[in-house]
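Letter by letter, the sequence shown follows residues 3 to 338 of this note's numbering. C-beta: ideal position from N, C-alpha, C; glycine also. Heads up: the structure comes next, in C-alpha cells.
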Amino acid sequence: MAPAGGGDACAGAARAPRQRVQRQPLHGLLLLDKPLGLSSNQALQKVKWLLRAEKAGHTGTLDPLASGVLPLCFGAATKFSQLHLDADKSYETVLRLGVSTSTGDAEGRVTQTCAVRCTPGQVVETLDRFTGPISQVPPMYSALKKDGKPLYEYARDGQTLERAPRPVLIHELELLELQLQGDAPWLRLRVRCSKGTYIRTLGEDIGQALGCAAHVSLLRRCASGAFDLSHCITLAAFEQLGEAERLARLLPVQALLAGHERVTLDADHAARFLSGVRRRGDWPDNAQVAVFGPKQGAQDSLLGSAHIQGGELIPGRLLSPIEIQHILQTSAHSSS
C-alpha cells in the first residue's frame, strides 16, 4: 500500500532484495524465561532466528497467557527433548474465583458468574483433596488431537467432544495468599505436578469443589525438571546480547542428561556403540545412562543415551559422528 499523502512517489522504486539468513548448525540448550503474549513456538522461532540455528524445538508448551521456564533445544539436543517433556513442572498461579470462562483462563469469554461464600478453612481442606493422584478431563482448548485434529480447533468451531479422564499427580499444592472478599476474590497457589497436568483444569475443578466458578488469571512456570527461573534469561535480555554472548548462553547437550548415570567407553567400544551395537560390561542395571567416548583434549565426547540390562549397554538416542565432531570443534573454539 502507498504511504498516506502520495501514490506514485515510489511506484518505480526497486524493492530491496530480502537477505537470506545463513543458518548454522548449533547443538545445545537455552533456558528461556518466556514472556507473556507469545506462544511457545513463537518464542522458539524468535530465538532460533537470533541464533541463526538450523534445527530447534522446545520441551513443553506454555500458553501465551503463561510465562516462565521454557527449555529450548538446538541440533542434537532435540533428540533428548522428550526427557523434559516427561519431567515434573512447578508453577505459581492465581485463580480468580466467582467467574468461569470458555478457555479456563483470562483469554476466554465469561460463561458464568456466581457468589463466593467459602472460608479460608474450606479452601485449605479443598486443596488437600487435590493433592496426590487425581484424574483430570483434558480441556477442549488444548493441543490434544482427535482424528488428527487438535481439540482447540473443534472448540473454536463450537464443538465439545467427549474426553476420557487422565491420571496426573499433584506432588504439592500450597496456598500462598488469598482474598475471599470484595468484587474480585482470588487464590494464589504454588503447584508441583507431573507431566500432562493442566493447571487451567485444576483451577476450574478447585472452583467447582469450593462451590463457585474459577479460572486462571495468571500462570508462571517456575521450574521444569532440574531447571528453574534462576537458570533462565528473558527474551528481551537475550536480544540485547551480541552473537558471541548469545552462543555462550547455550548449555551443552549433556545438560539434558544431568540425572543419568555416566558410562565412558574406549575408542573401539565407542565406535561400535555409535553403530547401534550393544556393549557388554560389569555395569549394574540402570534405566537412564549417558554414554561418553574418550575425551578430546579437555572436552567430553557425548555419544548418546542408553540403558543397562543384564550387563548389556543398550543404545537409545545416538548422536551422529558429524554432530559429535561439530560439538567438539565448537567447544574447542569457544574455550580457546
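Inset, instruction - Report yes if the C-beta distance between SER102 and THR95 is below 8 Å; otherwise report no. - result: Counting from 1 along the sequence shown, the entry for residue 102 is found at position 100. Counting from 1 along the sequence shown, the entry for residue 95 is found at position 93. In this structure, THR95 does not lie closer than 8 Å to SER102 by Cβ.
Inset, instruction - Identify every run of the beta strand (DSSP E) within the stretch 156-243, keeping only runs that are complete inside it and at least 3 residues long; order them along the chain. - result: 168-181, 188-195 and 216-226
Inset, instruction - Measure the CB-CB distance between LEU227 and ASP90 and report whether it falls below 8 Å. - result: Position 225 of the sequence shown, counting from 1, holds the residue named residue 227. Position 88 of the sequence shown, counting from 1, holds the residue named residue 90. A small fix is needed here, since residue 227 is Gly in this sequence, not Leu. Contact flag set, yes.
Legend entry - For SER196, the nearest candidate out of THR80, TYR93 and VAL49 (CA to CA): Taking the first residue of the sequence shown as 1, we reach residue 196 at position 194. Checking every option, the nearest Cα to that of SER196 belongs to TYR93.
Inset, instruction - Measure the C-alpha to C-alpha separation of ALA289 and THR121 and round it to an integer number of angstroms. - result: Residue mapping note: residue 289 aligns to position 287 of the sequence shown, counting from 1. Residue mapping note: residue 121 aligns to position 119 of the sequence shown, counting from 1. If you take the alpha carbons of ALA289 and THR121, they lie about 47 Å apart.
Inset, instruction - Would you decide whether PRO317 is buried or exposed? Buried here means 16 or more other CB atoms lie within 10 Å of its CB. - result: One-based indexing of the sequence shown puts residue 317 at position 315. Label assigned to PRO317: buried.
Inset, instruction - For SER144, count neighbouring C-beta atoms within 10 Å of its own C-beta (all shown protein chains included) and say buried if the count is 16 or more, exposed if not. - result: Start at 1 with the first residue of the sequence shown, and residue 144 comes out as number 142. It counts as buried.
Inset, instruction - Decide if ILE329 is buried, meaning its Cβ has at least 16 other Cβ atoms within 10 Å, or exposed. - result: Taking the first residue of the sequence shown as 1, we reach residue 329 at position 327. By the 10 Å Cβ count, ILE329 comes out buried.
Legend entry - Burial state of GLN242 (16 or more Cβ within 10 Å): For the purposes of this step, residue 242 is taken as the residue at position 240 of the sequence shown. Classification for GLN242: exposed.
Legend entry - 8 Å Cβ cutoff met for GLY209 and LEU32: As a first step, residue 209 must be located in the sequence shown, where it is residue number 207. As a first step, residue 32 must be located in the sequence shown, where it is residue number 30. Cβ atoms of GLY209 and LEU32: not closer than 8 Å.
Inset, instruction - Name, in chain order, the residues that DSSP records as bridge partners for TYR143. - result: One-based indexing of the sequence shown puts residue 143 at position 141. Bridge partners of TYR143: none, in fact.
Legend entry - Within 8 Å, strictly: CB atoms of ALA225 and VAL71: Along the sequence shown, read from residue 1 onward, the residue named residue 225 stands at position 223. Along the sequence shown, read from residue 1 onward, the residue named residue 71 stands at position 69. In contact: ALA225 and VAL71 (Cβ atoms closer than 8 Å).
Inset, instruction - Take THR236 as the anchor and find which of LEU87, LEU74 and ALA166 has the nearest alpha-carbon. - result: Position 234 of the sequence shown holds residue 236. Considering only alpha carbons, the answer is LEU74.
Legend entry - Cα-Cα separation between ALA117 and GLY110, rounded to whole angstroms: By 1-based counting over the sequence shown, the position of residue 117 is 115. By 1-based counting over the sequence shown, the position of residue 110 is 108. Between ALA117 and GLY110, the C-alpha separation is close to 20 Å.
Inset, instruction - Give me whichever residues DSSP pairs with ARG281 in a beta bridge. - result: In the sequence shown, residue 281 corresponds to position 279, counting from 1. DSSP lists LEU315 as partners of ARG281.
Inset, instruction - Could you check what DSSP says for VAL125 in three-state terms: helix, strand or coil? - result: As a first step, residue 125 must be located in the sequence shown, where it is residue number 123. VAL125 falls in the helix class under three-state DSSP.
Inset, instruction - Work out the CA separation of GLY213 and LYS50 for me, nearest whole Å. - result: Looking up residue 50 in the sequence shown gives position 48. Looking up residue 213 in the sequence shown gives position 211. Cα-Cα distance, rounded: 46 Å.
Legend entry - Start-to-end residues for the alpha helix (DSSP H) that takes in ALA50: Translated into the one-based positions of the sequence shown, residue 50 becomes position 48. In the sequence on display, residue 50 carries Lys and not Ala. Counting along the chain, LYS50 sits inside the alpha helix (DSSP H) bounded by residues 42-53.
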